[in-house]
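Single-structure report; data block below.
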Amino acid sequence: MKDLHATLHLEHERLKETHGYCADVLATLREPFLVLGADLVVRSANRAFYTSFHTTRAETEGHRVGEVADGQWNSPALRSMLEGVIKEGRSFQDFAIENDAAGAGSRPMVINAQRVYREGGHSELILVGIEDVTTRNLAQKLLKNSELRYRRLFEAAEDAILIL
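Numbering (our numbering), first residue to last: 292 to 455.
Pasting the structure below:
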């Protein structure tokens with residue numbers, strides 16, 4: 292009995308260490324990140340999520356994802372995709388969504404999600420990575436406009452232009 296207690300204590304310590312390691316990895320990420328339960332309730336979020344969406348741990352953890360950050364994530368399309376992750380085990384990458392942030396306007400987001408199932412643990416989780424692509428989209432638009440301006444400049448030139 293004493294050996295069983297010692298083994299369980301060691302396993303408990305290993306689990307605590309692993310949990311701490313995973314929490315540290317998630318905290319290091321620059322991009323917003325969520326861990327959801329199979330019921331789509333937020334189990335945890337990283338600092339980047341709280342900062343990006345102007346919310347707190349108390350307002351996030353333990354709430355359904357659609358209720359978080361004043362309902363910014365209340366999207367039927369996103370909910371359907373996340374339910375598919377749990378029910379059908381399919382992950383998804385680069386799911387585009389417009390996030391309507393209170394006071395910040397609409398921002399384009401790209402979301403990736405992956406199901407994590409632990410054998411014997413009877414627990415399913417969904418890991419959700421979120422990328423705000425507002426800046427990237429703006430840079431692409433500016434580049435396209437710049438290319439268009441230069442193309443028109445060359446097409447409108449009456450004299451031949453030679454580029455070496």
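Every residue gets a Cβ at the ideal spot worked out from N, C-alpha and C, and that includes glycine.
- In the three-state scheme derived from DSSP, where H, G and I count as helix and E and B as strand, Arg334 is classed as strand.
- Where Leu433 is concerned, the enclosing alpha helix (DSSP H) starts and stops at 425-447.
- When secondary structure is reduced to three states using DSSP, Phe383 falls in the strand class.
- Annotation: the continuous beta strand (DSSP E) that includes Val326 extends over 324-328.
- Within the same chain, and ignoring the five residues on either side of Glu358 in sequence, no residue has its Cβ closer than 6 Å to its Cβ.
- For Arg321, the three-state secondary structure derived from DSSP is coil.
- Inclusion of Asp423 and Met400 in the CB contact set at 7 Å is warranted, their separation being smaller than that value.
- Contact annotation: Arg355 and Val326 have beta-carbon atoms that are not nearer than 7 Å.
- For the pair Arg442 and Thr426, the Cα-to-Cα distance works out to about 24 Å.
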